[in-house]
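Using my numbering, the letters of the sequence shown correspond one by one to residues 653 to 902.
Notes follow the structure.
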Amino acid sequence: MTTTKTAVITGSSRGVGADTAKILAAEGYNVVVNYRQKAPRANKVVKEIEEAGGRAVAVGADLTSEEDLDRLMQTAIDEFGSLDLLVLNASGGMEKDLGDNYALRLNRDAQSNALTAALSRMNPGGRVIFVTSHQAHFINDVDTMDAYDAVAKSKRAGEDELTSRIPEMSEKGVSFVVVSGDMIEGTVTATLLNRMEPGALEARREAAGKLYSVREFAEEIAKLATADLPTGHIELVGGAQDFLAQVDAK
């Protein structure tokens with residue numbers, strides 16, 4: 653596929669976001685790589701993209717700052733001339749030093765503010781992808797680990813807030829899709845949860861039958877950039893059968 657479109661990917665200096673950036677760049681997207689603090693990691697992603705023949709730029713931006721978000725989205729316009737795809741990948745909330753309400757500020761408020769900053773700049777035909785987890789998407793019906801409960805609820809609040817703005821996106825000709833995955837092998841969140849609740853990762857692997865790797869989940873996200881899907885579509889990567897079964901049982 654050849655394209656001259658530009659993607660902004662939040663939280664893309666490592667992990668799923670970084671792999672998504674590399675995959676989209678290989679497909680021809682110009683990519684804005686976002687990071688909060690670790691510039692060297694983001695610059696490494698940019699270097700790998702450029703060495704493979706792609707185009708990318710790294711932008712440091714704290715997503716809880718509306719000013720930073722505005723600068724992040726404007727960079728797509730200034731550097732590449734358009735903003736066609738926004739991948740809302742960054743999330744968090746397990747940090748202990750950023751305030752009691754940090755999970756909600758990042759996973760709900762910052763997601764909505766990022767959409768606001770992007771939507772005024774996006775072209776008709778653009779797309780917004782919100783990345784979440786089954787543990788968060790189903791949190792209203794299926795309990796999760798105690799250590800992840802507050803984060804899951806804040807991410808679901810973010811998903812609900814963005815979903816409520818579908819009419820606004822549709823007016824601009826922009827579609828919205830959600831991609832939800834199980835615990836991802838090798839991610840910081842999965843590692844932390846397994847440390848806090850030993851055996852959690854193995855339990856999820858057993859229940860799901862398979863847990864995706866970082867690269868595999870990134871490939872699923874990248875597919876949604878151009879997939880012919882109705883706005884509001886929710887892609888349950890891996891099927892989420894045990895979550896759906898618990899919902900159906902209620």
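C-beta atoms are modelled at their ideal positions from N, C-alpha and C, and glycine is treated no differently.
Given a cut-off of 8 Å on the beta-carbon distance, is the pair residue i and residue j in contact?
i           : j           : result
residue 762 : residue 716 : yes
residue 818 : residue 883 : yes
residue 739 : residue 791 : no
residue 807 : residue 743 : yes
residue 779 : residue 737 : yes
residue 659 : residue 681 : yes
residue 665 : residue 690 : yes
residue 849 : residue 797 : yes
residue 874 : residue 676 : yes
residue 784 : residue 811 : yes
residue 855 : residue 894 : no
residue 887 : residue 831 : yes
residue 802 : residue 755 : yes
residue 672 : residue 741 : yes
Can you give me the Cβ contacts of residue i inside the same chain, cut-off strictly under 6 Å, excluding the 5 residues immediately before and after it?
i           : result
residue 667 : 839 and 866
residue 899 : 793
residue 829 : 781, 876, 881 and 885
residue 809 : 760
residue 869 : 668, 833 and 836
residue 714 : 688 and 720
residue 788 : 804, 807 and 808
residue 698 : 685, 708 and 710
residue 731 : 709
residue 694 : 665, 685, 687 and 710
Quick one: residues in its chain with C-beta nearer than 7 Å to the C-beta of residue i, no 5 flanking neighbours on either side, listed in chain order?
i           : result
residue 842 : 835, 836 and 853
residue 722 : 769
residue 824 : 771, 774 and 776
residue 800 : 787 and 845
Using the three-state DSSP reduction, which class does residue i fall into: helix, strand or coil?
i           : result
residue 840 : helix
residue 682 : strand
residue 800 : helix
residue 887 : strand
residue 712 : strand
residue 666 : coil
residue 659 : strand
residue 735 : coil
residue 698 : helix
residue 676 : helix
residue 721 : helix
residue 707 : strand
residue 826 : coil
residue 893 : helix
Going by beta carbon distance, what residues of the same chain come within less than 8 Å of residue i, once the five residues before and after it are set aside?
i           : result
residue 700 : 674
residue 702 : 708
Contact between the region 707-716 and the region 676-686 (3+ Cβ pairs under 8 Å): yes
Give the list of continuous alpha helix (DSSP H) stretches no shorter than 4 residues that lie fully inside the region 751-824. 762-771, 786-789, 801-815 and 818-823
Length at least 4, wholly inside the region 850-884: the alpha helix (DSSP H) runs in chain order: 852-860 and 866-875
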